[in-house]
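Novice:
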Amino acid sequence: MIADLSPLDAGAVVLFLATWFAYHTLFDSRFRRPASINAKMIAVREAWMLELLSRENRIVDSTLIGHSIHSASFFASTTILLVAGLVGVIGSADRIYGATVNLSMIFHTGTQALFQLKVLLLIAIFIYAFIKFTWAIRQFNYFAAIIGGAPPASSAPSDRALAMRMAMVLSNAIWQFNAGVRAYYFAFAALAWFVHPLFFMIMTVLIPIVLAYRQLWSATARAIADHVDSLG
Numbered sequence: 001m002i003a004d005l006s007p008l009d010a011g012a013v014v015l016f017l018a019t020w021f022a023y024h025t026l027f028d029s030r031f032r033r034p035a036s037i038n039a040k041m042i043a044v045r046e047a048w049m050l051e052l053l054s055r056e057n058r059i060v061d062s063t064l065i066g067h068s069i070h071s072a073s074f075f076a077s078t079t080i081l082l083v084a085g086l087v088g089v090i091g092s093a094d095r096i097y098g099a100t101v102n103l104s105m106i107f108h109t110g111t112q113a114l115f116q117l118k119v120l121l122l123i124a125i126f127i128y129a130f131i132k133f134t135w136a137i138r139q140f141n142y143f144a145a146i147i148g149g150a151p152p153a154s155s156a157p158s159d160r161a162l163a164m165r166m167a168m169v170l171s172n173a174i175w176q177f178n179a180g181v182r183a184y185y186f187a188f189a190a191l192a193w194f195v196h197p198l199f200f201m202i203m204t205v206l207i208p209i210v211l212a213y214r215q216l217w218s219a220t221a222r223a224i225a226d227h228v229d230s231l232g
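Taking my numbering, the leading residue of the sequence shown gets 1, the next gets one more, and so forth.
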């Protein structure tokens, strides 16, 4: 199957994997750019946790975490359906490949083995996304337990160290969720491989540019940066 890769196909796959890793390193790892939304939101969550510890009624906080759990659960369920559908494509590869050959003006088909490899790449991407979503759900549940065990505001002043730890647990959950959502974006790039490896390369470069713009220069990024500055 690997032998069916042309140099252009192989180069497109390498570019895809390298670009995804580079984006993760720049925006979602310990080396993330400090001006990005992901980095700025750490300070926002720290401020949130300080406020949470200072009030007796934490129903709103629990509700917000519940919304996050529901979002991650929705994506996890959807991802399972996508993986099941793609496995079905592998099982019907002969028939579906034949249909794409008839649409050769649209699809760069190559061999049937290459077609299956493209589908396997999509399956791998969505399995990765599912793992990220389910790990995010578990961490959101851990965080909900931490909220439940947080000391009442009347018993002690707000503990900044506790607030920082709570914010980190929440941030870790959100980063896993973000990674799962990002996999969907890169799946669109991988889908372009069915059209042509050059289109695959273009989408591989274009999608991170769009995501980076949102992280650094969008109106939301500027508003969050201003908000963080106002927090001191």
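Glycine included, C-beta positions come from ideal geometry on N, C-alpha and C.
Is the number of C-beta pairs between the region 161-172 and the region 111-120 that are closer than 8 Å three or more?
Specialist: The region 161-172 vs the region 111-120: no contact.
Novice: According to DSSP, simplified to helix, strand and coil, what is residue 175?
Specialist: Here residue 175 sits in helix by DSSP.
Novice: Go ahead and label residue 133 buried or exposed: buried means 16 or more other beta carbons lie within 10 angstroms of its beta carbon, across all protein chains shown.
Specialist: Buried.
Novice: How about the region 137-157 and the region 19-34: do they share at least three Cβ pairs that are nearer than 8 Å?
Specialist: No, they do not touch.
Novice: In this structure, how does DSSP classify residue 208 when only helix, strand and coil are distinguished?
Specialist: Of the three classes helix, strand and coil, the one that applies to residue 208 here is helix, per DSSP.
Novice: Can you tell me whether DSSP reads residue 51 as helix, strand or coil?
Specialist: Residue state, collapsed to three classes: helix.
Novice: Closest by CA to residue 159, which one among 47, 201 and 140?
Specialist: Of 47, 201 and 140, the residue nearest in Cα terms is 47.
Novice: Please classify residue 195: does DSSP put it in a helix, a strand, or coil?
Specialist: Coil.
Novice: Could you check where the alpha helix (DSSP H) with residue 141 kicks off and where it finishes?
Specialist: 112-149 is the span of the alpha helix (DSSP H), which, as asked, contains residue 141.
Novice: What does a CB cutoff of less than 8 Å around residue 120 pick up in its chain, not counting 5 residues either side in sequence?
Specialist: 90.
Novice: Inspect the CB distances between the region 183-190 and the region 198-208 and report whether three or more fall short of 8 Å.
Specialist: Output reads yes: the region 198-208 touches the region 183-190.
Novice: Whole angstroms is fine: what's the gap from residue 66's alpha carbon to residue 206's?
Specialist: So the alpha carbons of these two residues sit roughly 34 Å apart.
Novice: What are the boundary residues of the alpha helix (DSSP H) that includes residue 20?
Specialist: Residue 20 -> alpha helix (DSSP H) spans 7-27.
Novice: How would you label residue 23, buried or exposed, when you count the other beta carbons within 10 angstroms and need 16 or more for buried?
Specialist: Buried, by the Cβ-count rule.
Novice: For residue 105, I'd like the list of residues in its chain whose CB is within less than 6 Å of its CB, leaving aside the five on either flank, ordered along the chain.
Specialist: Confidence in residue 105 is poor, its pLDDT being 49 and thus under 50, which makes the residue's placement unreliable; the coordinate value appears in the next sentence. Around residue 105: no qualifying Cβ.
Novice: Specify, as a first and last residue, the run of the alpha helix (DSSP H) that residue 68 falls within.
Specialist: 59-91 is the span of the alpha helix (DSSP H), which, as asked, contains residue 68.
Novice: Which same chain residues end up closer than 7 Å to residue 246 when comparing Cβ atoms and leaving out the 5 residues on each side of it in sequence?
Specialist: Because the chain in this structure spans residues 1 to 232, residue 246 falls outside the shown range and cannot be described.
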